[in-house]
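J.: Going down the list, the protein sequences come from chains A and B. Here the first sequence is numbered in our numbering, starting from 1 and rising by one per residue. Here the second sequence is numbered in our numbering, starting from 275 and rising by one per residue. A virtual CB, placed ideally from N, CA and C, is assigned to each residue, including glycine. Sharing a structure with you now.
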Amino acid sequence: MSTSAPTRPATTTSSGSGGGFSTRRTVHMARWNAVLLTRNKLALFYATALPLAPLLLVLAGADGDTGAGASAIVSSVLVAGLFPVYYNVLSQFVNRRDELVLKRMRTGEVRDSELLAAIALPGVVVALAIIALGVPIMAALGQPWPLNPLLVAVMALATVLMFAAFAYWTAAWTRNAEAAQLTSLPIIMLAVIGQVSIAFPDTLREIVSFTPGAAITELVRVGWFGLAEGEASDPSLAFGDTWAAAGQPLLVLVAWTAIALDLMRRSMRWEPRS
Amino acid sequence: MTTNHLSETAIRVRGLRRTYGKGAQAFEAVRGVDLDVRTGSITALLGTNGAGKTSTLEMIEGLATASSGEVAVLGLDPVRDRAEVRRRTGVLLQKSGFSGDLTVRETLRLWHGTITDPQPVDDLLEALSLGHRADVRVSALSGGETRRLDLACTLMGRPELVFLDEPTTGLDPESRREVWQLVSRLRDGGATVLVTTHYLAEAESLADRLEIMHAGRIVRSGTPTEIAEGHPSTIAFTTPAAASAPLPGDLAAVTGAVEEQGRTTLETSDLQTSLTALLTWAERSSLRLESLEARTASLESVFLAIADGRDPAVEQPDDTPDSGTTDPALLEGATR
């Protein structure tokens, strides 16, 4: 039977996510997205080589200081979130939207959610690999192993998910791939401001602590290195203390992830902006 | 709706409407389309640019949501039963794109992995004469080659129902012929095809049924012969000098007359009778009718009449119910 289909804005997303998400299709497309990434040298540099830089910095200036180790890992997590995930996903999506590749794919069996996951996946894998690579590198330099690995893992997953969602939201109001250089700035600022806030006065730092970048910084310091709030080095937290100390930053990061996903859902654009 | 009816009708559309924008800027691109496409047939949707063909197609494909109306594709709802509809249909968009950095073969392999029951990549390369270009990057393909690659993706899932939005636009004559041969083979294999095109001659020779759209509605339907049948034949000639005798207002069988840029065009329901009357009058008035042309109605003349808004059987955007008769005033005030 046919049914009438009056405009129902609330249900338009169902055309893409109405059950039956196929992991097989998603991984298949993600593989080809990875191939495409390797064929664009500049994009490949941003997605893989650049995020390795903070880790190299640690290697060069390693002195065994816990605070220095923590800030190196924080940089590495943020850069991994910003470049392979955020900027890469943003520019790939905008490019493919403008070339009508996405419009073409959407006429087939592929679902919208699969397309989004497949575009994000190569960058997400790179980002998680870079974060994971930090573990043996830190250990080799005499730094501690992650004190609460579960907390670190949750932080890493929430970070990549948040940045991927922000990428799709940014894409909705990005006119073309060049414009992404500008439209990506607000989110990049939001991410890095937490790291420079050490130099800010207390009241400002209080506000900044609610940014995703500050939350990631705290989670790395607490979950990986056992550094209590404000401790420069000589960690004082034991495993059991980490959950309580991570409470606020974890909530902040999860809240930002939820906000990013909601913004993305409301603003998805599949056709070029004319 | 019986099962039997479902199996005979691949597409059933009733009262389909689509409005873009809101408030004062609202524009109704599709204004109540009814359409039936028989299983195993080729149906061509014709119309000028902006007639609403692509909008109509996108709603039937389930790519756009209708403002109102009913659509059944293979007996299913294209939005609600999306997964099954997509598995059984193939879509060729009017404009679409591929990643230029993948080769032809890689692009087809990418598609291959997204389809439930795909045809082998090599078979498609051969069917669309792309074998020799298989390892060339898509960015280096000609327009015709890209269109054939596009078609290969459309057909990869062995669709029962194929939507082709201007499949031959931008192709050279040879590629166009190849595409139409392919479309014919699809029908021979039992598939149903709904196609839009600008090439009337192609539609006329290949489609089983034509649907002509104008201003958001289907205004004529039928086989090419049926469409031309109900349409008047035309007689045209250079309008004689002003000093000469005026054209009589009651020429036999003439149903309309238009004078434009020094040329008079008469419409007639009986070409021979009107022509005889005209020539007799010219003879008596000692007039010579320069550049005289007499034409039986053709699909092209019907199409052009509709496109120019000259077809009296077609109501223009403000709706008055279609009376099906010709306004006699047309003839009176014809020679302006």
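Less than 9 Å between CB atoms is the rule here; does B/Gly418 satisfy it with respect to chain A?
T.: no
J.: Below 7 Å on C-beta distance, what does A/Val110 contact in chain B?
T.: Thr388
J.: Report the CB separation of B/Thr363 from B/Val353 in whole angstroms; it is logged as a contact under 8 Å.
T.: 13 Å between Cβ atoms; not a contact.
J.: Alpha carbon to alpha carbon, what distance is there between B/Arg432 and B/Asp391?
T.: One C-alpha to the other measures close to 7 Å.
J.: Is the CB of A/Met277 under 9 Å away from at least one CB in chain B?
T.: Chain A is shown only over 1 to 274; residue 277 of chain A falls outside these bounds and no answer can be derived.
J.: Within 10 angstroms of the Cβ of B/Asp446, are there 16 or more other Cβ atoms? Answer buried if so, exposed if not.
T.: exposed
J.: Does DSSP put A/Ala232 in a helix, in a strand, or in coil?
T.: Judged by DSSP in its simplified three-state form, A/Ala232 adopts coil rather than helix or strand.
J.: Got a sec? Which residues, its chain only, sit under 6 Å from B/Gly289 by beta carbon, not counting five neighbours each side?
T.: Gly306 and Gly343
J.: Just curious, the alpha helix (DSSP H) that A/Val101 is in, first and last residue?
T.: Val101 to Met105 is the extent of the alpha helix (DSSP H) around A/Val101.
J.: Would you please verify whether the beta carbon of B/Glu302 is less than 9 Å from any beta carbon of chain A?
T.: no
J.: Could you tell me which residues DSSP pairs with B/Ile492 in its beta bridges?
T.: B/Met487
J.: Per DSSP, which residues does A/Arg175 bridge with? Please list them.
T.: DSSP lists no partner for A/Arg175.
J.: Between the C-alpha atoms of A/Ala172 and B/Val457, what's the straight-line distance to the nearest angstrom?
T.: 38 Å
J.: Is there a Cβ of chain B sitting closer than 9 Å to that of A/Arg104, yes or no?
T.: yes
J.: By the criterion of Cβ-Cβ separation under 9 Å, what are the contact partners of B/Ala556 in chain A?
T.: The premise fails here: B/Ala556 is roughly 55 Å from chain A at the closest Cβ pair, so nothing lies under 9 Å.
J.: Measuring only the C-alpha atoms, how far is A/Arg8 from B/Gly326?
T.: Its pLDDT being 36, under 50, A/Arg8 is placed unreliably in this model, and the coordinates cannot settle the point.
J.: Could you give the distance in angstroms between the alpha-carbon of A/Ser22 and the alpha-carbon of A/Trp32?
T.: 16 Å
J.: If you pair each beta-carbon of the stretch 475-495 of chain B with each one of the stretch 535-552 of chain B, do three or more pairs fall below 8 Å?
T.: no
J.: Quick check: what's the CA-CA separation for A/Met268 versus B/Thr508?
T.: 53 Å
J.: Closest to B/Glu476 by C-alpha separation, out of B/Glu302, B/Leu309 and B/Leu319, would be which residue?
T.: Checking every option, the nearest Cα to that of B/Glu476 belongs to B/Leu319.
J.: Indicate the three-state DSSP secondary structure (helix, strand or coil) for A/Thr257 in the structure shown.
T.: helix
J.: Would you call A/Ser76 buried or exposed, if buried means 16 or more other Cβ atoms sit within 10 Å of its Cβ?
T.: buried
J.: B/Leu264 to B/Leu460, Cα distance in whole Å?
T.: This structure cannot settle anything about residue 264 of chain B, because the visible part of chain B is limited to 275 through 610.
J.: Please list the partners that A/Arg265 has in chain B, where partner means a Cβ-to-Cβ separation under 9 Å.
T.: In chain order: nothing, as chain B lies at least about 17 Å away.
J.: Return helix, strand or coil for B/Thr470, following the three-state DSSP convention.
T.: strand
J.: CA-CA distance, B/Pro506 and B/Asp482?
T.: Our two residues, B/Pro506 and B/Asp482, have alpha carbons roughly 22 Å apart in a direct line.
J.: Just to confirm before moving on: does the CB-CB distance between A/Leu50 and A/Val192 stay below 9 Å?
T.: no
J.: DSSP beta-bridge partners for B/Arg288?
T.: B/Glu344
J.: Can you tell me whether B/Ile509 is helix, strand or coil according to DSSP?
T.: strand
J.: Determine, using beta-carbon pairs with one atom in the stretch 206-225 of chain A and one in the stretch 118-132 of chain A, whether at least three such pairs fall under 8 Å.
T.: no
J.: Which chain B residues are close to A/Glu99, counting only those with a beta carbon under 8 Å from its beta carbon?
T.: Neighbours of A/Glu99 on chain B, chain order: Gly371, Phe372, Ser373 and Gly374.
J.: Would you kindly work out how many angstroms separate the C-alpha atoms of B/Trp385 and B/Cys427, rounded to a whole number?
T.: 7 Å
J.: Nearest-angstrom Cα distance between B/Glu282 and B/Arg356?
T.: Roughly 21 Å between the two C-alpha positions.
J.: Taking Cβ positions only, does A/Thr107 come closer than 9 Å to chain B?
T.: Taking Cβ atoms only, chain B reaches closer than 9 Å to A/Thr107, which makes this a yes.
J.: Taking C-beta pairs closer than 7 Å, name the residues in chain A that B/Arg360 reaches, listed in chain order.
T.: Gly108 and Glu109
J.: Since I believe B/Asp439 is in contact with B/Gln546 (beta carbons under 8 Å), could you give me their beta-carbon distance rounded to a whole number of angstroms?
T.: Incorrect: roughly 41 Å between the Cβ atoms, too far for contact.
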